[in-house]
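To convert, take the position in the sequence shown, counting from 1, and add 299; that gives my numbering. Glycine included, every Cβ here is placed at the ideal spot set by N, Cα and C. Bear in mind that the values here come from a model prediction, so they are computed numbers and not experimental data.
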Amino acid sequence: MPSRQKTGMFASAFLICVCSFVVICVVLATQHWMNSRIRFSGTNSSVTVSLTYGLFGGTCEQLFEAGLQVSEENFQVAEHLTSTTVKSMNFAIVVLMVLSLLSSLLSCGFTCTNAVSNPYQTFLGHIGVYTWNASCGILILIAMILFPVNIEVNSLSVELARVCSSSLQTHTNSTHTYGYSYWLMLLIIFLNMGSIIIVYFYDHARYSKKKEQERPIENAPKDVILF
């Protein structure tokens with residue numbers, strides 16, 4: 300059976316991993332990754348399209364110069380992407396998020412296993428906890444980088460704005476604000492770092508205690524050596 304110290308520290312790491320898993324689920328389920336206002340100009344008028352969307356879907360509405368507001372429309376992101384580059388990058392971000400979800404789930408399993416048993420010399424021990432927490436954090440970080448690239452470089456918001464109306468013509472300017480779903484990914488990274496730090500402190504304390512118990516014989520009293 301593991302010691303109380305080990306059980307307590309790995310149980311704390313387990314709770315942090317569970318929180319990370321829940322936050323990833325929230326990020327995937329919500330549609331507040333991006334809020335964009337895209338302005339188009341036509342022959343006789345101009346219109347601003349307001350978008351709020353996530354990886355899978357969102358809502359859009361048109362705001363005309365006269366103050367007329369068209370009712371909100373729901374849309375599915377994948378169904379309205381025509382550019383292969385934009386579609387491929389959006390799919391890559393989805394894959395990264397799913398892999399991070401699986402990594403977080405494995406982190407939960409590994410920390411729980413260590414809280415109730417002693418698989419310390421195998422991959423199920425601290426090495427596995429480090430691996431899956433680090434993998435989750437890295438995957439989330441890559442997703443956080445690729446999503447703005449898809450917005451700024453590949454004009455994802457502009458392409459989605461054309462879903463609201465087929466009469467939209469020339470794109471003039473855009474403003475983008477990242478929503479809470481996007482910024483929650485920072486929390487996921489910090490949670491994974493927290494889990495790694497807890498396990499590291501336990502590992503370091505255990506290593507120090509082991510070294511103290513394995514003092515070289517030169518440090519022992521001479522009478523003990525003679526005996």
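For residue j and residue i, the rounded distance between their alpha carbons
i	j	result
glutamine 441	leucine 395	Note that residue 441 is isoleucine in the sequence shown here, rather than glutamine. Isoleucine 441 and leucine 395: Cα-Cα distance of roughly 8 Å.
arginine 303	valine 428	19 Å
isoleucine 337	glutamine 375	18 Å
threonine 476	threonine 421	45 Å
threonine 471	cysteine 318	42 Å
leucine 445	leucine 354	12 Å
serine 340	glutamine 330	27 Å
methionine 492	leucine 400	16 Å
glutamate 378	valine 397	20 Å
leucine 490	leucine 404	13 Å
glutamate 458	valine 325	25 Å
serine 382	asparagine 453	9 Å
leucine 327	threonine 306	31 Å
valine 415	glycine 424	12 Å
methionine 333	asparagine 417	44 Å
As assigned by DSSP and simplified to three states, the class of residue i
i	result
isoleucine 516	Bear in mind that the predicted position of isoleucine 516 carries a pLDDT of just 49, short of 50, making it too unreliable to give a figure here.
serine 302	coil
glycine 408	helix
glycine 478	coil
phenylalanine 390	helix
serine 494	helix
glycine 427	helix
phenylalanine 422	coil
asparagine 413	helix
Cβ shell of residue i (< 7 Å), same chain only, five flanking positions each side left out
i	result
serine 434	Ser402
tyrosine 479	His331
isoleucine 488	Gly436, Ile439 and Leu440
isoleucine 450	Met333, Ser456 and His475
Own chain partners of residue i with C-beta closer than 6 Å, once the 5 adjacent residues on each side are dropped
i	result
isoleucine 497	Met308, Ser311 and Ala312
threonine 474	Arg336
cysteine 316	Ser406, Cys407, Thr410 and Ser494
tyrosine 501	Met308
Neighbour flag for residue i against chain D, beta carbons, 8 Å
i	result
arginine 461	The structure shown contains no chain D; it holds only a single protein chain.
Cβ neighbours of residue i in the same chain (closer than 8 Å, five flanking residues each side left out)
i	result
valine 462	Cys359, Glu372, Phe374 and His379
query = Taking only runs of the beta strand (DSSP E) that begin and end inside the segment 325-387, which ones reach a length of at least 3 residues, in chain order?
reply = 333-340, 345-352, 356-363 and 372-375
(request) Let me know the alpha helix (DSSP H) ranges lying completely inside the segment 442-476, each 4 residues or longer, listed in chain order. (result) 455-460
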